[in-house]
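UniProt numbering applies: residue 1 is where the sequence shown begins, and numbers increase by one.
These notes concern the structure reproduced below.
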Amino acid sequence: MNDISPEFTEKRKRKRKTMYDELCEDEAVTRTPEELFIASMLQISDRLIMEMSTRFKSLENINDKFGFLNGGQINEMTLDDLKLKAGELADTYKEDLNKKELILEIESFKGFALGVDNNLKTSSASTTLELILKNKLEEMYPNITTGLKIFLTLPVSVATGERSFSKLKLVKNHLRSSMSQQRLTDLSIITIEHKRASNISFDKVIKEFASKKSRKVIIRD
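This is how it looks when you write it as structure tokens:
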């Protein structure tokens with residue numbers, strides 16, 4: 001930005017003489033450097049607004065699903081609304097949450113747990129989880145605890161996606177342009193988790209691979 005000059009000089013348009021056998025053409029529309037700068041900045045601003053709107057829209061969707069789990073929302077929302085939100089969340093994460101138990105836990109949490117620690121009444125999601133663990137309530141409210149853990153560990157940050165995408169550029173270059181999707185995915189995981197991958201014993205991997213390849217199934221009559 002420091003290289004941009006605050007002054008915009010006028011550029012004189014050169015005109016070419018039209019010959020007698022040429023058709024008359026409309027005069028070309030030229031823009032001054034100031035107009036070009038304004039047009040470029042408008043495009044950049046529109047792009048930024050669009051990208052930020054897209055990003056925060058996804059965050060709003062996530063918060064709409066999980067936001068009721070924090071102590072402040074449980075304290076303020078009606079029990080019917082909490083049960084509705086709990087049912088919708090349990091339907092989305094059927095393998096992790098039990099719908100009936102989560103609804104019962106929400107009802108109990110609103111009536112009992114908020115009285116155990118007054119800080120829960122105004123707590124955020126992360127603070128709610130900390131207070132649940134601090135007061136040893138995770139066994140009483142396992143589904144709420146699981147829901148909060150899912151909420152707080154969801155990869156909703158755009159920066160993570162950008163880092164992963166930059167890794168793809170390193171993995172899939174012109175020398176590996178024809179690799180399959182499965183191999184690309186595996187190599188990407190190894191590249192992203194390079195710290196873990198560097199601690200893996202290659203000898204153990206080779207032996208495990210060899211044992212699976214050499215395994216034979218005995219067919220009996």
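Quick reminder that beta carbons are idealized off the backbone N, C-alpha and C, glycines included.
Is T122 buried or exposed, if buried means 16 or more other CB atoms sit within 10 Å of its CB?
exposed
If you measure between the beta carbons of L48 and I144, is that distance less than 8 Å?
no
As assigned by DSSP and simplified to three states, the class of D203
helix
If you draw a straight line from the C-alpha of D91 to the C-alpha of N61, how long is it?
16 Å
Could you tell me whether the Cβ atoms of L84 and K65 are closer together than 8 Å?
no
At a cut of 8 Å, does the region 103–117 reach the region 41–55 through at least three beta carbon pairs?
no
Distance check for F56 and T32, CA to CA, integer angstroms please.
36 Å
Quick one: measure Cβ to Cβ for L129 and L120, integer angstroms, because I've assumed they're closer than 8 Å.
No, L129 and L120 are not in contact; Cβ-Cβ is about 11 Å, not under 8 Å.
For the alpha helix (DSSP H) containing E88, name the first residue and the last one.
79–92
DSSP three-state label for R47, please.
helix
Are the beta-carbon atoms of L97 and T146 separated by less than 8 Å?
yes
So for N135, helix, strand or coil by DSSP?
coil
Going by C-alpha distance, which of D117, I74, F109, E208 is nearest N135?
D117
If I measure Cβ to Cβ from R196 and keep anything under 7 Å in the same chain, skipping five residues before and after, which residues do I get?
none
Helix, strand or coil: which one does DSSP assign to T32?
coil
Between which two residues does the alpha helix (DSSP H) carrying D186 extend?
181–192
Between the CA atoms of K204 and L187 - distance to the nearest angstrom
19 Å
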